[in-house]
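All residue numbers in the sequence shown are consecutive under my numbering, ending with 533. We put the beta carbon where it would ideally sit given N, CA and C, even for glycine.
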Amino acid sequence: MMDRMESRVPDLRVRVRSPSPVNPDGRFVLYWMLMGRRPAWNFALDRAVEWASELKKPLVVFEGVRLQYPWASDRLHRFLLDGMRDNLRAFAAAPACYYPYVETAPDAGKGLVRALAGLAAVVVTDDYPAFMIPAMTEAAARQSPVRFEQVDSNGLLPMQAAGAVYPTAYAFRRFLQKELPAHLLAFPRASPLKGVTIPALDALPAEITGRWPAATAAMLEGGQRFLASLPIDHRAGAAGTPGGFRAGRKQLGDFLGARLPRYPEDRSEPEKDGGSGLSPYLHFGHVSAHEIADAVFRDAGWSPQRLGTGAQGRKEGWWGLPPAAEAFLDELVTWRELGFNFCSRRDDYDRYESLPDWALHTLARHAGDRRPHVYRFEEFDGARTHDALWNAAQSQLVREGRMHNYLRMLWGKKILEWSEGPSTALATMIELNNRYALDGRDPNSYSGIFWVLGRYDRPWGPERPIFGTVRYMSSENTARKFSVKNYIRKYAPDGGGQGALL
């Protein structure tokens, strides 16, 4: 049986993970929607549609939410359910069978992916290098009786295009400027199911839905009562930011229309909402980096012919776009995909030992230095330090599931300074970020956390206690550089350290 087909999806984005062949007698093509949780601008969905067209089979799009994922909470569940609600509506008018499944008891969904694969002709899923996804997909591929493909739809550059781990943003930017132009001509489809003729699937087999009933619209719309019924962490309550591709597209439109022109000036100002606000939607796959880039390009009337020549690694000027758009694309492409580069090539991306040698050496030299303050995890968690600005940043994270861009760096530097040692500081940062941040558990968020300890950076003098030659930051310098009083008033938690910078 044929195991290859003509495809618009670049070969570099497709990894075949099982030795099993396509099953010509399978009932449908299965797309297991794991991290590209959107109905468009999605190479994995494109690939699944192509298989369904080639094999003349129905397409099943399976999206699930389990209970026992790390840091499972009302906050993360609500964001995921919002996305599934949007997808249910979007696929209702498409020639595909959308199958949402929400686990309501521990291990109730066990065996579901294997059962679906057993009925499929071929399985396509997302290729994502962090969190629990690599272990989950590896286990599923081993058990799959049919061809099992993972498709990379994470960024503008395929992860497999980079043959090495790049130690700095400058080095990666130089590589991007050399390699990326060829990939800018291959974007996923904006409407992958439009005009597609594939057989319809009237209903999923009863052997599936009888044991694993599809989530109802009421469950996906469900509020606090439904979340409260689930055995997940209820301390991290649902944030005010809605999930789903519709909300993500609205956020993108608002950013392009109102904030992009002043992005370089405003994004570091704590009292201005100058960031894009897109990182949660990128993390959960509700919007695509390709869709965002396409919107920026169209807004500026840009074409690839305007790209600069050479690969000099400059932050500005290479794209041939206005400075604000160039600054934003450097964050969206260079810095974001730098994290995917590391996670896709280093299994230890979330471990202290993955830091560069110079950072490990200098932090070890100063691990025994006297700390001006040492806080327990519970004090960090509760925003109960002596520092009003730090407390406000932590309080924003807990309340809203996000933190101001610049203050994220300060937040991490102070945890390093106020912890018993650097490895304890790392564990605290990971736990707080992954528990509360809507964009946590992501290659990009691990980049930010490890940057605090020296990843992607260089030694800075003079050598200091605790930090050694790791870059230093202070709340006092931040308060001198930016206006922060209103930010502190807005986010100050009840009690403890409110007036340290007022």
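Spatially closest choice to residue i from the options, by CA coordinates
| i | options | result |
| --- | --- | --- |
| Q191 | E368, D138 and M460 | E368 |
| R433 | R106, R44, M64 and P52 | R106 |
| A151 | T455, G226, G140 and R178 | R178 |
| C128 | A139, W63, P50 and S104 | W63 |
| A358 | Y406, L394 and G306 | G306 |
| L90 | P496, R266 and V153 | V153 |
| H392 | R46, I497 and N185 | I497 |
| Q99 | A125, A136 and R116 | A136 |
| A248 | A123, E180, P353 and A390 | A123 |
| H404 | A195, G452, W389 and R382 | G452 |
| P292 | P353, P273 and H265 | P353 |
Backbone CA spacing between residue i and residue j [nearest angstrom]
| i | j | result |
| --- | --- | --- |
| G351 | P335 | 9 Å |
| A170 | N118 | 26 Å |
| D77 | K521 | 44 Å |
| T416 | W82 | 56 Å |
| V60 | D285 | 37 Å |
| S476 | L469 | 10 Å |
| L532 | L438 | Reliability fails at L532, whose pLDDT of 47 lies under 50, so the model's placement of it is uncertain and no value is given. |
| A278 | G492 | 44 Å |
| V483 | P490 | 12 Å |
| S7 | A193 | Summary: the structure shown does not reach residue 7, with the chain confined to residues 32 through 533, and so no result is reported for it. |
| D418 | I323 | 37 Å |
| P223 | R329 | 20 Å |
| N508 | R472 | 29 Å |
| Y503 | G142 | 49 Å |
| L232 | K88 | 9 Å |
| G399 | L363 | 38 Å |
| M550 | D381 | No statement about residue 550 is possible, as the shown extent of the chain runs from 32 to 533 and does not include it. |
| G254 | L187 | 36 Å |
Supposed close pair residue i, residue j - CB separation, criterion 8 Å
| i | j | result |
| --- | --- | --- |
| L131 | A246 | A quick correction: the sequence has Pro, not Leu, at residue 131. With a Cβ gap of about 4 Å, P131 and A246 count as contacting. |
| W449 | R402 | 6 Å |
| G316 | R120 | Wrong, their Cβ atoms sit about 17 Å apart, outside the cutoff. |
| E431 | A270 | 6 Å |
| S104 | I263 | 6 Å |
| G275 | G114 | 4 Å |
| A75 | V155 | 6 Å |
| G485 | H397 | With a Cβ gap of about 12 Å, G485 and H397 do not count as contacting. |
As assigned by DSSP and simplified to three states, the class of residue i
| i | result |
| --- | --- |
| L232 | coil |
| M32 | The predicted model places M32 with a pLDDT of 43, which falls under 50 and marks its position as unreliable; any figure quoted below should be read in that light. Correct three-state label for M32: coil. |
| P131 | strand |
| T500 | coil |
| Y62 | strand |
| N320 | In the sequence on display, residue 320 carries Ala and not Asn. A320 falls in the helix class under three-state DSSP. |
| T240 | helix |
| A458 | helix |
| E37 | coil |
| E362 | helix |
| V405 | coil |
| R205 | helix |
| R280 | helix |
| A125 | coil |
| L90 | strand |
Cut-off 7 Å between Cβ atoms - residues of its own chain near residue i, not counting five sequence neighbours on either side
| i | result |
| --- | --- |
| P189 | P41, L43, R44, D183 and H214 |
| M66 | D157, Y159, I164 and G316 |
| I23 | Given a span of 32 to 533 for the chain in the structure shown, any question on residue 23 remains unanswerable. |
| Y2 | Nothing about residue 2 can be read from this structure; the chain reaches only from 32 to 533. |
Beta-carbon proximity list for residue i, same chain, < 8 Å, skipping 5 on both sides
| i | result |
| --- | --- |
| M32 | In this prediction, M32 has a pLDDT of 43, which is less than 50 and means its spatial position is unreliable; what the coordinates show is noted afterwards. Hits under 8 Å: P52, V53, N54 and P55. |
| Y467 | R106, A267, L428, V429 and G432 |
| Y487 | P198, T199, A200, L369, S478 and F481 |
| S514 | E300, P301 and E302 |
| R377 | V196 and S385 |
6 Å Cβ shell around residue i - same chain, five flanking residues per side excluded
| i | result |
| --- | --- |
| A161 | C374 and P474 |
| V96 | L111 and V133 |
| Y312 | G279 and V318 |
| R204 | G344 and T365 |
Beta carbon proximity, residue i to chain C, threshold 7 Å
| i | result |
| --- | --- |
| P292 | As a matter of chain content, chain C is missing from the structure shown, which is built from one protein chain. |
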